[in-house]
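Going by numbering that gives the first Met the number 0, the first residue of the sequence shown is number 0, and it counts up by one from there.
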Amino acid sequence: MVLADCVGSTLRLPSTPMLQSERATGIQLKNEKHLAAMRAAGRTSAECLAYVVSETQPGCTTQDLDDLVNQFAKRHGVTPAPLGYRGFPRSVCTSINEVICHGIPDKRTVLREGDIVGIDVALICDGFHGDNASTIGVGEIDEPARALLCATLEAQRRAVAVVRPGARLGDIGHAIQSHVEKLGYSVVRDFVGHGVGRQFHEEPQVLHYGKAGRGTRLRPGLTFTIEPMINAGVPDIEIQDDGWTALTADRCLSAQYEHTLEVTEDGVRVLTVQNDEGTWEPPGRWTPPGFEV
Ligand code: MF3
Ligand code: CO
């Protein structure tokens, strides 16, 4: 692994990032057989996330969401990827309000009306990983929360829209950063998207900020995630004593949407969707009130 201090998920960047050009060597493109398996893994992971989202309501504990993932996985004969990954103790990440990512489900944490909760579902299906996440409102949410969710989801959609052969990783980061910063939000730097396949986290790292026209060129057969974490306040993070839970340094809200994607011969196929065409849909099929799909 190229990363010195990778904490899982979304990988944590090393303090001295390697140049994109140095990393490029480790990228493995998928063949048709691998891609078929990735599409199946993506579809199943999308179904699981949509299922958990549909069951989430005020009064649920985060452990209830974990139970749903385990139940779904058993029924479909697949494996939750987070469980035991670098020691992560549960099958899904549940990240409430100021938690950016990697929240650990437990029986004591109850979702309350007005919370936003990020649900990050990754499954291993026939040896290949699907990875997707959505931040949803619990019951009715206030306007600042709604606006943050809309901005983050729109940033995710714009980033997916730039993916095609010949586009560069910097185009993705730029699409996200330029959209959210003009609205006064910030992009989390410490966690990044990633290549995905037989391994949960493969090369390349996919930064959610950057300059258009820079970085590694995308090629057909690359499968990777785009999963921007956007903060209402400062971009800085803090890790709690459990070694996982990442929260905003200023305790302002944070949101995230994630899809697994495939670079095709002429564009992009979103793998973590429930349509056959691979066209973008909101992760978990949930949209904030007022978001135009
Ligand atoms: N699905 C997360 C990601 O986007 C991974 C979290 S799983 C954990 O990469 F085990 F690392 F917490
Ligand atoms: Co991911």
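From the three backbone atoms N, C-alpha and C, an ideal C-beta is built for every residue, glycine too.
In this structure, residue 119 has its beta carbon less than 8 Å from a heavy atom of ligand 1.
Under the three-pair Cβ rule at 8 Å, the region 166-173 counts as touching the region 214-222. Counting along the chain, residue 64 sits inside no beta strand (DSSP E); it lies in the alpha helix (DSSP H) bounded by residues 61-75.
Straight across, the Cα-Cα distance linking residue 41 with residue 76 is about 15 Å. Assigned with DSSP and collapsed to three states, residue 255 falls in strand.
One alpha carbon belongs to residue 261, the other to residue 119, and they sit about 19 Å apart. If you draw a straight line from the Cα of residue 259 to the Cα of residue 275, it is about 15 Å long. For residue 54, the uninterrupted alpha helix (DSSP H) run begins and ends at 31-54, by DSSP. Contact between residue 129 and residue 263 fails: their C-beta atoms lie close to 17 Å from each other, not under 8 Å.
Excluding its 5 nearest sequence neighbours in each direction, residue 269 has C-beta neighbours in its own chain below 7 Å: 159, 258, 260, 277, 278, 279, listed in chain order.
Across the set 250, 238, 221, the C-alpha of 250 shows the shortest separation from the C-alpha of residue 232. When the Cα atoms are used, residue 244 and residue 194 turn out to be separated by approximately 22 Å. Excluding sequence positions up to five before and after residue 208, its CB lies within less than 6 Å of the CB of 172, 176, 186, all in the same chain and listed in chain order.
The criterion of a C-beta distance shorter than 9 Å is not satisfied by residue 111 and residue 91. In this structure, the CA atom of residue 78 is about 6 Å from the CA atom of residue 72.
In the DSSP assignment, residue 175 falls within the alpha helix (DSSP H) that extends over 168-180. Partner residues in the beta bridge of residue 122, as assigned by DSSP, are 79, 129. Using a cutoff of 8 Å, the CB of residue 134 does not count as near ligand 1, since none of the ligand's heavy atoms is closer than that.
Taking the Cα positions, residue 64 is about 24 Å away from residue 38.
If you ignore the 5 residues before and after residue 210, its C-beta comes within less than 7 Å of the C-beta of 169, 173, all in its own chain and listed in chain order. Taking a C-beta distance under 9 Å as the contact criterion, residue 184 and residue 236 do not qualify as a contact pair. Listed in chain order, the non-local C-beta contacts of residue 103 below 7 Å within the same chain comprise 88, 89, 241, 243, 244, local neighbours out to five positions each way being set aside. Judged by beta-carbon spacing, residue 148 lies beyond the 9 Å limit of residue 44, meaning their Cβ atoms are not closer than that value. Our two residues, residue 60 and residue 54, have alpha carbons roughly 11 Å apart in a direct line. At least one heavy atom of ligand 2 lies closer than 8 Å to the C-beta of residue 224.
Pairing residue 95 with residue 254 gives a Cβ-Cβ distance that is not under 9 Å. With contacts defined by Cβ atoms closer than 9 Å, residue 178 and residue 201 do not form a contacting pair. Taken through DSSP and simplified to helix, strand or coil, residue 117 comes out as strand.
In the structure shown, the three-state DSSP call for residue 151 is helix.
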